[in-house]
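Novice: Residue numbers (the numbering used here), protein chains in the order written: chain A, 111 to 446; chain B, 39 to 723.
Quick reminder that beta carbons are idealized off the backbone N, C-alpha and C, glycines included.
Fair warning: this is a prediction, and the values are worked out from it, not measured in the lab.
This is the structure I want to talk about, given as structure tokens.
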């Protein structure tokens with residue numbers, strides 16, 4: 111058992127629907143003892159004592175099994191999509207039944223011979239998960255009565271479940287088109303913009319220049335090289351990038367409505383990106399605004415996974431270069 | 039509708055169970071249950087064998103068809119089960135009408151077994167297999183109700199192991215594990231065993247009193263030559279018990295009583311053989327025979343007033359003459375393990391007897407005899423009245439040869455006192471003469487008794503004084519020479535070596551009491567024996583045979599006193615004790631297991647020696663062959679001789695073997711000492 115994993119133990123272990131089992135057990139034992147005691151047979155009474163021992167161990171064994179059980183997540187993905195299954199690997203010190211609660215998923219058994227066990231999650235909603243809620247159950251050693259406990263199993267890395275890709279037409283007025291807005295950068299410290307800078311060759315040919323490390327070989331301008339006697343490459347006039355589309359996802363409090371809206375935002379972003387448009391996505395994380403470029407659907411999904419409703423934030427307190435307040439976005443028409 | 043849905047849901051077949059371990063364990067558990075019922079006599083061999091074969095077949099059939107159950111099986115099984123129930127109710131009603139309601143366990147066992155067999159053909163799911171496992175517990179319970187010995191523990195252990203394995207396999211199947219976690223099952227088994235031990239310690243002993251029917255059965259049905267008399271008075275060779283002889287044991291463990299007169303001249307060595315087991319509410323002395331006629335060496339019971347009871351079971355036993363009745367009731371069931379005397383043992387006074395015969399005989403002093411001999415396996419139940427008065431109550435009876443009407447306490451009236459010997463007086467028609475009878479005038483014993491009881495104010499004090507004197511002045515020993523014919527055992531014990539055993543001690547007290555005019559007699563039977571907490575039975579061994587004294591107390595009836603209990607052991611001679619201990623120790627060794635262990639150890643030692651001595655290499659084997667040949671030819675090998683030298687010497691003696699000898703010796707030496715092994719050693723060998 112690896113000690114580098116983040117092991118968790120079960121707390122607040124409770125029996126699962128114990129009423130019928132306990133009543134049956136007590137009735138069987140009392141009946142047996144009554145018959146044994148009044149029949150005057152020592153062996154029947156001894157057998158009854160043995161039966162009591164087996165039943166008590168069988169009924170209470172699950173508690174001991176869960177009490178000693180340790181669980182850890184040995185592997186988990188970083189991304190997921192609502193509605194699509196994703197798999198994590200769980201290590202358990204003993205054989206237990208694992209039922210994912212949040213995000214939900216089908217029950218499975220972990221531990222024992224399986225090292226580790228694969229657990230399927232089927233998230234229904236977007237979200238960012240640092241841990242997953244599991245119901246751990248055991249009826250060891252005889253399968254007579256189930257005991258269960260709820261544990262929060264920390265994941266190795268945060269799991270970001272992006273929303274489903276909804277219908278583009280469904281996107282509401284919370285998306286804004288900024289027209290000729292220049293390049294916009296993240297405005298808060300908590301942004302996780304993954305926009306990278308890379309050398310780009312494009313535009314109209316404007317001459318030749320000396321070769322620099324990193325230039326592609328196919329851009330070498332052979333006539334100029336022959337003329338100059340040094341390696342020359344074509345020089346292009348870089349066109350001014352088209353202005354980004356800024357979208358603000360101001361999601362409502364209501365879970366389902368929020369989910370539907372996030373799905374619409376994701377659909378819109380995907381559509382824009384696929385058409386070559388640059389998209390600046392504004393979201394609220396823990397109530398604070400985050401505005402950053404998104405390069406593809408995956409980035410947008412990650413952002414929307416964390417996105418929540420607008421908190422106690424006032425646009426005038428955070429205005430500055432590049433800030434597009436939601437109110438402005440609301441005034442703009444939908445992007446097409 | 040909801041109820042209907044719930045019933046339908048509950049009866050829906052579960053998913054097919056593929057765990058072979060679970061199915062095998064359940065099958066094994068049921069087979070062990072069937073075996074236990076067979077061992078306890080609740081199933082015939084035919085039934086057991088047939089049900090075992092069918093059970094295995096059914097389980098195999100269920101396993102093979104678990105994915106696609108065969109439709110016609112269920113109706114057929116339902117019909118079989120209905121037939122089994124019909125047969126069961128018929129058997130029960132027959133038993134009830136014939137008065138054999140106690141024999142319900144056997145039909146119940148048969149019913150359970152055939153239900154299991156029928157069920158085994160339709161066991162596709164885990165829930166069904168669990169039913170089989172639970173059903174095996176019911177079979178074990180039925181068998182346990184008849185189990186009397188610890189041998190049943192073998193079945194319990196086997197069944198428990200299989201049941202635990204099955205339960206562990208059930209959890210493994212439930213949790214989709216490939217195999218049961220045997221370590222977990224072992225831990226759980228240890229926990230269950232601990233709880234079981236605790237429960238056995240805590241639970242009160244079972245009480246047989248609330249049974250509706252009491253067990254009784256007769257085994258053997260051995261003839262008794264004198265109905266109403268003791269088996270052993272006749273000469274019939276097949277009598278269940280014969281009067282003991284000084285040199286040989288009788289069939290009741292060697293005790294010189296219970297099958298004829300109680301000879302006090304000697305006591306043969308009694309063995310550890312279990313003669314009977316007793317299920318009782320409380321331990322007490324089990325009375326077999328009460329003797330009231332003393333001839334100086336032997337006690338006998340001429341039974342002049344024996345009554346024949348023909349009412350059938352349960353027999354209502356009349357109160358013995360002179361007894362007052364009353365006291366607390368006590369129920370005992372006796373299970374004979376050897377052929378016993380034709381005596382119905384009981385505690386104090388018997389009130390009712392359950393015995394599967396039409397006739398019983400009761401003597402005037404309360405001994406109950408059967409008209410047939412009782413073989414091993416006979417069972418009978420007795421409801422006794424234990425009329426044990428407290429010392430304070432007994433102190434109310436004044437000392438001396440007085441007698442009182444046997445009337446309720448508080449209404450006692452003194453009878454006319456008779457002071458001359460022989461004391462003969464009557465109490466409401468009860469003749470005491472037999473219980474005061476002495477064959478001769480015991481002047482010394484009488485004088486001793488008067489001296490010892492001088493100053494005693496109550497009869498109880500007189501008895502206690504005499505017991506105290508015996509305890510202070512005599513010793514207990516089984517290792518004394520037998521008395522000569524005609525020698526009086528009381529005089530020899532009280533005024534001779536003052537060493538004796540229970541019969542002599544009890545007889546001395548009875549004779550001294552009689553000499554004082556106090557009615558007394560000697561009872562013979564068994565002390566309770568050792569208690570087995572598992573079977574809840576008292577195991578009575580042959581050496582538990584005992585004799586004690588019954589003294590008549592007006593208003594309280596016959597009260598038992600055991601003077602032997604206060605008599606210290608005689609100072610033994612070390613050699614004799616060691617010899618006896620050694621012999622007893624050897625007798626206690628069970629021959630079959632000990633012999634088996636010794637046999638296995640011997641075989642192992644032989645194997646070890648054979649492996650140690652056998653030649654380890656081919657060269658060594660060849661050398662040994664040549665040495666053996668040389669020894670047979672009268673030319674053993676010298677210590678300093680090499681094999682080649684020895685072969686050369688031998689070849690001169692055995693010229694016909696010359697080439698073979700030299701070649702074998704050369705190759706053996708080459709094999710042993712050369713780095714290049716001989717290529718053809720096998721052919722040479």
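Would the beta-carbon of residue 130 of chain A fall within 8 Å of that of residue 143 of chain A?
Specialist: no
Novice: Within the segment 306-390 of chain A, note down every full alpha helix (DSSP H) run reaching 4 residues or more, in order along the chain.
Specialist: You should have 332-338, 365-384.
Novice: Mind checking residue 651 of chain B: buried by the 16 CB within 10 Å criterion, or exposed?
Specialist: exposed
Novice: Take every Cβ of the segment 368-384 of chain B, pair it with every Cβ of the segment 309-329 of chain B, and state whether three or more of those distances are shorter than 8 Å.
Specialist: yes
Novice: For the alpha helix (DSSP H) containing residue 433 of chain B, list its first residue and its last residue.
Specialist: Unbroken run through residue 433 of chain B: none, as it is neither H nor E.
Novice: Is the distance from the Cβ of residue 393 of chain A to the Cβ of residue 370 of chain A below 8 Å?
Specialist: no
Novice: Below 8 Å CB to CB, which residues in the same chain sit around residue 227 of chain A once its five sequence neighbours on both sides are set aside?
Specialist: Excluding sequence positions up to five before and after residue 227 of chain A, its CB lies within less than 8 Å of the CB of 199, 200, 201, 202, 208, 218, 219, 220, 221, all in the same chain and listed in chain order.
Novice: When the cut-off is 8 Å and only beta carbons count, does residue 234 of chain B lie next to chain A?
Specialist: yes
Novice: Is any beta-carbon of chain B found at less than 8 Å from that of residue 222 of chain A?
Specialist: Under the 8 Å criterion on CB atoms, residue 222 of chain A is classed as interfacial with respect to chain B.
Novice: Would residue 163 of chain B and residue 55 of chain B qualify as a contact pair, given that the criterion is a beta-carbon distance under 8 Å?
Specialist: yes
Novice: What residue range does the beta strand (DSSP E) around residue 314 of chain B cover?
Specialist: 312-318
Novice: Could you name the residues of the same chain whose beta carbon sits closer than 7 Å to that of residue 301 of chain B, not counting the 5 residues immediately before and after it, in chain order?
Specialist: 294, 335, 336
Novice: What did DSSP end up calling residue 262 of chain A once you bin it into helix, strand or coil?
Specialist: strand
Novice: Of the choices B:705, B:103, B:166, B:584, whose alpha-carbon is the least far from that of residue 65 of chain B?
Specialist: B:166
Novice: Assign residue 627 of chain B to one of two classes, buried (16 or more other C-beta atoms within 10 Å of its C-beta) or exposed (fewer than that).
Specialist: exposed
Novice: Would you mind telling me which residues of chain A sit closer than 8 Å to residue 572 of chain B, beta carbon to beta carbon, in chain order?
Specialist: 152, 153, 156
Novice: Under the three-state reduction of DSSP, which class applies to residue 120 of chain A: helix, strand or coil?
Specialist: coil
Novice: Residues in the same chain with beta-carbon distance under 7 Å from residue 739 of chain B, minus the five sequence neighbours each way, listed in chain order, please.
Specialist: No answer is possible for residue 739 of chain B: it lies beyond the span of chain B, which begins at 39 and ends at 723.
Novice: For residue 709 of chain B and residue 670 of chain B, what's the separation of their Cα atoms in angstroms?
Specialist: 25 Å
Novice: Once you ignore the five residues that flank residue 432 of chain B on each side, which residues in its own chain have a CB closer than 8 Å to its CB?
Specialist: 496, 497, 498, 591, 594, 597.
Novice: For residue 215 of chain A, which residues in chain B fall below 8 Å Cβ to Cβ?
Specialist: Those within 8 Å of residue 215 of chain A in chain B number zero; the least Cβ separation is about 16 Å.
Novice: In terms of DSSP beta bridges, what is residue 564 of chain B paired with?
Specialist: Here residue 564 of chain B is bridged, per DSSP, to B:324, B:583.
Novice: Residues of the segment 552-578 of chain B in Cβ contact with chain A at a cutoff of 8 Å, in chain order, please.
Specialist: 570, 571, 572, 573, 574, 575
Novice: What span of residues does the beta strand (DSSP E) with residue 372 of chain B cover, start to end?
Specialist: In the DSSP assignment, residue 372 of chain B falls within the beta strand (DSSP E) that extends over 366-374.
Novice: Taking only beta-carbon positions, decide if residue 320 of chain B is within less than 8 Å of chain A.
Specialist: no
Novice: Could you tell me which residues DSSP pairs with residue 207 of chain A in its beta bridges?
Specialist: A:219, A:247
Novice: Determine, using beta carbons only, whether residue 212 of chain B and residue 249 of chain A come nearer to each other than 8 Å.
Specialist: Yes. Within cutoff.
Novice: Can you give me the Cβ contacts of residue 299 of chain A inside the same chain, cut-off strictly under 8 Å, excluding the 5 residues immediately before and after it?
Specialist: Because residue 299 of chain A carries a pLDDT of 26, less than 50, the predicted location of this residue cannot be relied on, and no value is offered for it.
Novice: According to DSSP, simplified to helix, strand and coil, what is residue 345 of chain B?
Specialist: strand
Novice: Under 7 Å Cβ to Cβ from residue 185 of chain B, same chain only, skipping five residues before and after it: list those, please.
Specialist: 78, 573
Novice: How is residue 457 of chain B classed by DSSP in three states: helix, strand or coil?
Specialist: In this prediction, residue 457 of chain B has a pLDDT of 32, which is less than 50 and means its spatial position is unreliable; what the coordinates show is noted afterwards. Residue 457 of chain B falls in the coil class under three-state DSSP.
Novice: Does residue 136 of chain A have its Cβ less than 8 Å from a Cβ in chain B?
Specialist: no
Novice: Does the beta carbon of residue 194 of chain B sit closer than 8 Å to a beta carbon anywhere in chain A?
Specialist: yes
Novice: Closer than 8 Å, CB to CB, is residue 524 of chain B near chain A or not?
Specialist: No, residue 524 of chain B does not count as interfacial toward chain A.
Novice: Can you check whether the C-beta of residue 478 of chain B is within less than 8 Å of a C-beta belonging to chain A?
Specialist: Judged by the 8 Å Cβ criterion, residue 478 of chain B is not in contact with chain A.
Novice: Using CA coordinates, which residue listed in B:86, B:319, B:640 is at the minimum distance from residue 150 of chain A?
Specialist: B:319
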